[in-house]
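Numbering (our numbering), first residue to last: 1 to 407.
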Ligand code: NAP
Ligand code: MG
């Protein structure tokens, strides 16, 4: 058997804890036996981030800009407890945040559907992909508590020195609270472009919703920017691809999503995306069955799992206990990245390989072999719980049976 070659490298971002162990197993059992993996490797494990003063994260982001496609393992975002645990020089920022900022990207999350694990919403037959605008609004806001009488105003000073002032509220002796939030034209435009590109890429309709009837300037601006960019750059392409851009009010969107069959992208403002992605993930089953890809407006892609480093399992693993962590989301990050690499380079063998590995993984679960988290959810009669390594070995067997290859 000759291995599939990759002329252009993929950027590989290694990570932490249980997912770092899963990462290596996936490469050992499912990728390297069949593909001459060509990756530019960056170790984003917390120890290495600390040793390089987090330069390695920025270097990795730059490499994704250079090669176009990256795959990332889950990483620890340090808090005070981690600073102590790893004896860190500083409380380094979230690598996902750093990379997202460098690529100015939007994150798209979609569930992996398998027979036997049924969404809580009965009508959902196809995945709903959530696109969350991960910049600004309440996440970069300033807030004050007003204890007692006072006045809050919105003041904007323009470059020419002119000042626009609006009164927000006059507080009585009981006081109150106030918040000032913002977004930028550049960021909203990037968000819109990433969404439209991804819709074309995956040939799915895209829905977008805000509360523009209430927020006549702020939310309305989002609506207008989407509309302008769509008309100017995407309408024709959408017609050709026979997909649709659909705008509605956020509450109408929520009602329609629940009644829908799925199979579309739902673009959300930052807060809506934060909340709705958790709802959608839970309704489909589990975070371990959720794929995630960061798409930049220029068309750079970074694939990852939606979950974290599964710390609780890792500590048990260190104690010598057997764990049954689910590798699906991490595996699909790899296959997503390999497929995209193949698509960009015209490497059909690599694309087919990625599709077959995904099919083998799904088939393995549908035949009743699964990790503990899925065992609890699956409605299959003949189901069997296995540990992570055994699950990966079973996927390999399914793959070889399907394709007739052996390695
Ligand atoms: P987590 O790693 O997603 O795990 C939370 C819980 O969800 C686990 O304890 C486990 O539940 C279940 N779970 C998640 N992934 C699973 C999988 N693949 N297979 C089976 N069960 C799975 O979140 P966390 O414990 O809040 O965070 C751990 C670390 O990850 C933190 O240091 C955080 O900074 C980091 N993090 C990184 C990313 C990222 O890099 N994208 C995202 C989020 C969090 P049970 O224990 O009940 O089995
Ligand atoms: Mg959330």
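Backbone N, C-alpha and C define an ideal beta-carbon position, used for all residues, glycine too.
Quiz item: Quick one: what does DSSP say residue 331 is sitting in, helix, strand or coil?
Solution: helix
Self-check item: Simplified DSSP state of residue 389, which is helix, strand or coil
Solution: helix
Quiz item: How about residue 304: is its Cβ closer than 7 Å to a heavy atom in the ligand NAP?
Solution: yes
Exercise. Counting only the same chain and skipping the five closest in sequence on each side, list residues whose C-beta sits under 6 Å from that of residue 449.
Key: With the chain covering only 1 through 407, there is no way to say anything about residue 449.
Exercise. Taking residue 144 as part of the beta strand (DSSP E), name the residues at either end of that continuous run.
Key: 137–146
Quiz item: Should the region 142–152 be regarded as contacting the region 86–102, the criterion being three or more beta carbon pairs within less than 8 Å?
Solution: no
Exercise. Mind checking which residues open and close the beta strand (DSSP E) that includes residue 182?
Key: 176–182
Exercise. Please classify residue 167: does DSSP put it in a helix, a strand, or coil?
Key: strand
Quiz item: How would you call residue 54, buried or exposed, if buried means at least 16 neighbouring beta carbons within 10 angstroms?
Solution: buried
Quiz item: Relative to the ligand NAP, what is the chain-ordered list of residues with a Cβ closer than 5 Å to any of its non-hydrogen atoms?
Solution: 74, 75, 76, 77, 288, 307, 308, 309, 310, 311, 312, 325, 326 and 373
Exercise. Work out the CA separation of residue 280 and residue 118 for me, nearest whole Å.
Key: 13 Å
Quiz item: On the premise that residue 270 lies in contact with residue 131, defined as a C-beta separation below 8 Å, what is that separation, rounded to the nearest angstrom?
Solution: No, residue 131 and residue 270 are not in contact; Cβ-Cβ is about 11 Å, not under 8 Å.
Quiz item: Rounded to a whole number of angstroms, what is the C-alpha to C-alpha distance between residue 317 and residue 261?
Solution: 40 Å
Quiz item: For residue 310 versus residue 19, is the C-beta distance shorter than 8 Å?
Solution: yes
Quiz item: Nearest to residue 193 by CA position, among 156, 231 and 357, is which residue?
Solution: 231
Practice problem: Tell me where the alpha helix (DSSP H) around residue 222 begins and ends. | Solution: 218–229
Quiz item: How big is the Cα-Cα spacing for residue 228 and residue 363?
Solution: 43 Å
Exercise. Take residue 242 and list the residues in its own chain whose beta-carbon comes closer than 7 Å to its own, dropping the five residues that flank it on each side.
Key: none
Self-check item: Backbone secondary structure at residue 358 - three-state DSSP
Solution: helix
Quiz item: Which parts of the region 232–316 are runs of the alpha helix (DSSP H), unbroken and 4 residues or longer, counting only runs that do not cross its ends?
Solution: 235–241, 250–259 and 270–284
Self-check item: residue 207 - DSSP class collapsed to helix/strand/coil
Solution: strand
Quiz prompt | CB-CB length for residue 358 against residue 335, believed under 8 Å | solution = 5 Å
Quiz item: Is it true that the CB of residue 388 sits closer than 8 Å to the CB of residue 325?
Solution: yes
Exercise. Output the boundary residues of the alpha helix (DSSP H) element that contains residue 67.
Key: 55–67
Self-check item: residue 328 and residue 289 closer than 8 Å at C-beta
Solution: yes
Quiz item: Whose C-beta lies closer than 6 Å to the C-beta of residue 246 among residues of the same chain, with five residues either side of it excluded?
Solution: 207
Exercise. Report, in whole angstroms, the separation of the C-beta atoms of residue 168 and residue 153, which I expect to be a contact under 8 Å.
Key: 6 Å
Practice problem: Would you mind stating whether residue 12 and residue 34 have Cβ atoms separated by less than 8 Å? | Solution: no
Practice problem: Classify residue 182 as buried or exposed, calling it buried when 16 or more other Cβ atoms lie within 10 Å of its own Cβ. | Solution: exposed
Self-check item: Where residue 50 sits in the DSSP three-state scheme
Solution: helix
Exercise. Determine the direct distance from the alpha carbon of residue 89 to that of residue 333, and round the result to whole angstroms.
Key: 30 Å
Quiz prompt | Close-in-space but distant-in-sequence residues of the same chain around residue 64 (CB under 6 Å, 5 per side omitted) | solution = 11, 70, 300 and 302
Quiz item: At what residues does the alpha helix (DSSP H) containing residue 152 begin and finish?
Solution: No alpha helix (DSSP H) holds residue 152; the beta strand (DSSP E) holding it covers 150–157.
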